[in-house]
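Single-structure report; data block below.
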Amino acid sequence: MALFQQLPFFNPTVPFNRPIHGGLLEGIIVTVCGRVSPHSSRFQVDLMHGSDIVLHFNPRYEGGSEYVVHNTCHYGHWGSEERKYETPFPRAQTFALQILVTQETYKHRMPFSHVDSICIGGMVELSLVAFQYPAVRKKKGEKKALYHFTTIRHIPISIWKCFLS
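UniProt numbering puts the first residue of the sequence shown at 1, with every later residue one more than the last.
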């Protein structure tokens with residue numbers, strides 16, 4: 001299986017909607033960096049398969065509480081919403097979200113291999129959307145893959161890691 005390297009997107013406009021060349025594979029890290037608008041009520045990062053939302057990652061700032069919603073929308077029907085309180089994405093601050101695609105961690109409802117695009121919307125300013133591919137592919141029987149990561153830019157950020165399998 002060949003890896004399709006994809007160049008990062010710097011300072012993209014919102015809404016952001018781009019294909020993921022070659023789809024998602026185990027070991028890929030999707031990185032989204034930006035700044036939450038000071039008056040944001042919400043923003044979302046959606047990993048898509050056609051019109052289906054395989055992963056809906058949605059920080060919300062409503063009614064005095066801040067939380068993150070995870071969900072899936074399959075054939076126009078939303079699944080059971082999962083909420084994580086105390087969002088690590090404060091308003092008016094920069095952030096980095098990393099989604100690591102693995103088999104072992106995130107309880108999935110649709111296979112990650114179906115993901116073919118990423119959509120980002122809401123009250124957020126983006127500085128970077130990037131896809132980091134593993135330097136060494138996992139071989140059959142190996143327990144762990146080796147990865148190589150490059151730091152693109154040093155900024156004071158909140159880092160949130162989400163694991164998708």
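Glycine included, C-beta positions come from ideal geometry on N, C-alpha and C.
For a cutoff of 8 Å on Cβ pairs, would you count residue 128 as touching chain D?
The structure shown has no chain D; it contains just one protein chain.
Between residue 24 and the rest of its own chain, which residues show a CB-CB distance below 6 Å, the 5 nearest in sequence each way excluded?
Close CB contacts of residue 24 within its chain, under the 6 Å cut and outside five residues either way in sequence, are with 101, 112, 115 (chain order).
Simplified DSSP state of residue 74, which is helix, strand or coil
In the displayed model, residue 74 falls within a strand according to three-state DSSP.
Can you say whether residue 144 is buried or exposed, counting buried as having 16 or more other CB atoms within 10 angstroms of its CB?
In this prediction, residue 144 has a pLDDT of 40, which is less than 50 and means its spatial position is unreliable; what the coordinates show is noted afterwards. It is exposed - the Cβ of residue 144 has fewer than 16 other Cβ atoms within 10 Å.
Proximity below 8 Å, CB of residue 16 to CB of residue 126:
Contact: yes.
With DSSP run on the structure shown, which of helix, strand or coil describes residue 113?
It is helical.
Taking only the alpha-carbon atoms, compute the straight-line gap between residue 12 and residue 99 and give it to the nearest angstrom.
Straight-line Cα distance between these residues: approximately 18 Å.
At which residues does the beta strand (DSSP E) containing residue 49 begin and terminate?
Looking at the DSSP string, the run of the beta strand (DSSP E) that includes residue 49 is 43 to 49.
Would you mind sorting residue 27 into buried or exposed? The rule is 16 or more other CB atoms within 10 Å of its CB.
Taking all protein chains in view, the Cβ of residue 27 is crowded by 16 or more other Cβ atoms within 10 Å, so the residue is classified as buried.
Going along the chain, which residues of its own chain have a beta-carbon closer than 6 Å to the beta-carbon of residue 45, five neighbours each way excluded?
Non-local beta-carbon contacts of residue 45 in its own chain, meaning distances under 6 Å to residues more than five positions away in sequence, involve 32, 57, 120 in chain order.
Taking the straight line between their C-alpha atoms, what separation do you get for residue 123 and residue 134?
If I take the Cα positions, the gap works out to 31 Å.
What number of angstroms, rounded off, separates the C-alpha of residue 68 from the C-alpha of residue 110?
About 20 Å.
In its own chain, which residues sit with a C-beta less than 7 Å from the C-beta of residue 53, not counting the 5 before and 5 after it?
So the qualifying residues of the chain are 46, 72, 73.
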